[in-house]
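Presented below is the structure to which this report refers.
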Amino acid sequence: MAAATISIEQDQFCCSCVKEGHKGHDAVSAPEERAAQQKKLQETSLKSVQKLKDTERELRFAIKFIKHSTDAAVEESERIFSKLIHSIEKQSIEVKEVLRVQEKAAVRQAEEVLEKIQREMGELRRMDAELEKLCRTEDDIHFLQRCKSLHFPTKSVQMPSTDSLPYMMYKTMRGALVDLKDSLDETLEREFNRISDKVMSLKETSNKGASGKTKAKDADVPFNAEPKTRADFLQYYNDLTLDLNTANPYLCFSDDKKAVSTRSDLQPYPDHMDRFTSWAQVLCRAGMAGRCYWEVEWAGKGGVSIGVCYKTMSRSSGGSDSKLGHNSKSWSLDCSYSACSFQHNKESVTVDAPCCSRIGVYLDYRAGTLSFYGVSDAMTLLHKVKTTFSQPVYPGFWVGLGSSLKLCVL
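Here it is, written out as structure tokens:
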């Protein structure tokens, strides 16, 4: 019996006998085709292995380059900040020297007046002794002749303005240093934002340039385009963690610090300068300064506030100044079962759309936009605000009594 053959054109096995001659198509024996296919597969396997090795080598080099570049950047930043700190310390020493010079001049002036007073006191004591001696004489003529020679000073010694000098010097110095601090803070914030923007721009440009090697969804949204679908937003998802150092003592957290609820009893949290003391609020650990998206789920009749704030927002004001959305340093969406409103700097905007239990927050730091979405089968825009951010913002939440809130892991 003839060996089995395979049709080259149809890629099918043929067991026809040799007599028929395989009319109508070319054919080779199965062993020949197996040898060819095996060789082809082995070559493909070798190419795949080599490609993976090349990719692995490139990735290892990239990791090494990233670490080296980051170490260099950290070292350079430390060097620059060390020089900056040295400059500030030098200025501090110079300010102290100026204050000490002024102190010495004021003290010297006061000591000169004090010496003059002491001399006059000595002269007064001498004249007082002479007067006492003269008063004991019984010769009236002698008394009258001698008393004319006694000259007691009638003018008081002119005192230097030492009472107001220290206060005025302190007030002037403090005002100048406060102005310097404010100016330095503004400069540092502005430069930090500028550096952060450049880094984020490089990252987005790099991601765009590597679109051929990234997931297909990365190419679906044009660079700098506003996300539209939930898949678009998820490209900018940030995994958040709640910061217990900022938590109000009436808040209770899950072990993974993703969920929070309000209790009627105080929790034994240690004192911390970042802790909210007046409102049941908490911030997340990481500040945002790029394109970021996160989602939260909430429940409860007490309602919640979902927003962002600067790290410099007040934590302990007795009034509403330390509540999210009630100052110039925070923005929030207030949610309850019956109503929904946007809050900023004590101004409220009613949201017409119904507030759902899952809220998406999208921040475009450089564009200065903050958007809140209701997340269900579709993304429903609840409110969008346009502003100019001057500092990194921190996601923050207020949780009413009887309510709970959870950061969604996407």
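Every number in this note's numbering is 1190 more than the matching position in the sequence shown, counting from 1. We treat Cβ as the ideally placed atom computed from N, Cα and C, and that holds for glycine. Please read these numbers as outputs of a predicted model, since none were measured by experiment.
Cα-Cα separation between residue i and residue j, rounded to whole angstroms
{"i": "Ser1580", "j": "Lys1371", "result": "16 Å"}
{"i": "Val1589", "j": "Glu1485", "result": "16 Å"}
{"i": "Val1599", "j": "Val1450", "result": "15 Å"}
{"i": "Val1291", "j": "Ser1272", "result": "28 Å"}
{"i": "Phe1562", "j": "Val1551", "result": "5 Å"}
{"i": "Ala1263", "j": "Phe1251", "result": "18 Å"}
{"i": "Glu1416", "j": "Thr1431", "result": "26 Å"}
{"i": "Ser1219", "j": "Ala1226", "result": "11 Å"}
{"i": "Glu1268", "j": "Lys1519", "result": "29 Å"}
{"i": "Leu1231", "j": "Leu1424", "result": "39 Å"}
{"i": "Pro1439", "j": "Ser1512", "result": "15 Å"}
{"i": "Thr1577", "j": "Arg1475", "result": "23 Å"}
{"i": "Cys1499", "j": "Asp1445", "result": "25 Å"}
{"i": "Cys1530", "j": "Ser1510", "result": "19 Å"}
{"i": "His1573", "j": "Asp1429", "result": "22 Å"}
{"i": "Tyr1427", "j": "Thr1559", "result": "16 Å"}
{"i": "Asp1542", "j": "Arg1364", "result": "50 Å"}
{"i": "Val1297", "j": "Val1368", "result": "27 Å"}
{"i": "Met1569", "j": "Cys1546", "result": "11 Å"}
{"i": "Lys1280", "j": "Gln1299", "result": "29 Å"}
{"i": "Asn1535", "j": "Val1303", "result": "57 Å"}
{"i": "Gly1477", "j": "Gly1586", "result": "10 Å"}
{"i": "Gly1490", "j": "Ala1470", "result": "14 Å"}
{"i": "Thr1245", "j": "Glu1265", "result": "30 Å"}
{"i": "Ser1506", "j": "His1462", "result": "11 Å"}
{"i": "Ala1406", "j": "Ser1282", "result": "Residue placement at Ala1406 is poorly supported in this model, since its pLDDT is 36, which falls under 50; the coordinates still yield a value, given next. Going from the Cα of Ala1406 to the Cα of Ser1282 covers about 56 Å."}
{"i": "Leu1289", "j": "Lys1361", "result": "12 Å"}
{"i": "Ile1275", "j": "Thr1234", "result": "60 Å"}
{"i": "Arg1420", "j": "Tyr1527", "result": "24 Å"}
{"i": "Ser1259", "j": "Leu1249", "result": "15 Å"}
{"i": "Phe1255", "j": "Phe1382", "result": "24 Å"}
{"i": "Asp1318", "j": "Glu1301", "result": "25 Å"}
{"i": "Leu1374", "j": "Tyr1483", "result": "31 Å"}
{"i": "Lys1338", "j": "Ala1295", "result": "40 Å"}
{"i": "Leu1602", "j": "Gln1533", "result": "Nothing about residue 1602 can be read from this structure; the chain reaches only from 1191 to 1600."}
{"i": "Ser1238", "j": "Arg1247", "result": "14 Å"}
{"i": "Ala1400", "j": "Thr1377", "result": "With a pLDDT of 49 at Ala1400, under the threshold of 50, the modelled position of that residue is not reliable, and no figure is offered here."}
{"i": "Lys1257", "j": "Lys1241", "result": "24 Å"}
{"i": "Glu1284", "j": "Ile1270", "result": "21 Å"}
{"i": "Ile1253", "j": "Asn1517", "result": "43 Å"}
Spatial neighbours of residue i in its chain, beta-carbon cut-off 7 Å, leaving aside the 5 residues before and after
{"i": "Thr1436", "result": "Asp1464, Arg1465, Phe1466, Val1472, Leu1473"}
{"i": "Phe1333", "result": "Leu1324, Thr1327"}
{"i": "Leu1321", "result": "Leu1340"}
{"i": "Gly1508", "result": "Ser1468"}
{"i": "Ile1331", "result": "none"}
{"i": "Gly1497", "result": "Leu1514, Gly1515, Ser1520, Trp1521, Ser1522, Leu1523, Gly1586"}
Identified DSSP bridge partners for residue i
{"i": "Gln1471", "result": "Trp1588"}
{"i": "Asp1524", "result": "Ser1495, Ser1531"}
{"i": "Met1478", "result": "Val1583"}
{"i": "Met1569", "result": "Val1565"}
{"i": "Thr1577", "result": "DSSP output for Thr1577 lists no bridge partner at all."}
{"i": "Thr1609", "result": "No answer is possible for residue 1609: the residues shown for the chain start at 1191 and end at 1600."}
{"i": "Tyr1427", "result": "Tyr1483"}
{"i": "Ser1538", "result": "Gln1533"}
{"i": "Thr1452", "result": "Leu1441"}
{"i": "Leu1370", "result": "None; Leu1370 has no bridge partner."}
{"i": "Ala1489", "result": "Ser1594"}
{"i": "Leu1432", "result": "Cys1474"}
Where the beta strand (DSSP E) containing residue i begins and where it ends
{"i": "Asp1554", "result": "1548 to 1554"}
{"i": "Leu1424", "result": "Leu1424 -> not in any beta strand (DSSP E); alpha helix (DSSP H) instead, spanning 1420 to 1424."}
{"i": "Phe1443", "result": "1441 to 1443"}
{"i": "Leu1597", "result": "1594 to 1597"}
{"i": "Thr1502", "result": "Unbroken run through Thr1502: none, as it is neither H nor E."}
For residue j and residue i, believed in contact at Cβ under 8 Å, the rounded distance
{"i": "Gly1147", "j": "Thr1540", "result": "This structure does not reach residue 1147, given that the chain is present from 1191 up to 1600, and the question cannot be answered."}
{"i": "Ser1522", "j": "Leu1514", "result": "4 Å"}
{"i": "Lys1501", "j": "Tyr1555", "result": "Not a contact, Cβ separation roughly 14 Å."}
{"i": "Leu1434", "j": "Phe1443", "result": "6 Å"}
{"i": "Val1575", "j": "Ile1549", "result": "So it is not a contact: roughly 15 Å between Cβ atoms."}
{"i": "Leu1597", "j": "Lys1448", "result": "5 Å"}
{"i": "Leu1571", "j": "Ser1454", "result": "So it is not a contact: roughly 36 Å between Cβ atoms."}
{"i": "Pro1582", "j": "Ala1479", "result": "4 Å"}
Cutoff 6 Å; reference residue i; Cβ partners in own chain excluding five residues on either side
{"i": "Val1494", "result": "Trp1488, Cys1525, Val1589, Ser1593, Leu1595"}
{"i": "Arg1336", "result": "Leu1324"}
{"i": "Lys1229", "result": "none"}
{"i": "Ser1538", "result": "Ser1531"}
Where the alpha helix (DSSP H) through residue i begins and ends
{"i": "Met1311", "result": "1220 to 1325"}
{"i": "Arg1334", "result": "According to the sequence as given, residue 1334 is Leu; it is not Arg. Element bounds for Leu1334: 1330 to 1337."}
Same chain, Cβ closer than 8 Å to residue i, neighbours up to 5 away in sequence not counted
{"i": "Lys1209", "result": "Reliability of the predicted coordinates at Lys1209 is poor, the pLDDT of 49 falling under 50, and the value obtained from them is presented with this limitation in mind. Cβ neighbours of Lys1209 beyond the five flanking positions: none."}
Below-8 Å beta-carbon distance, residue i vs any chain B residue
{"i": "Leu1236", "result": "Among the protein chains of the structure shown there is no chain B, as only one such chain exists."}
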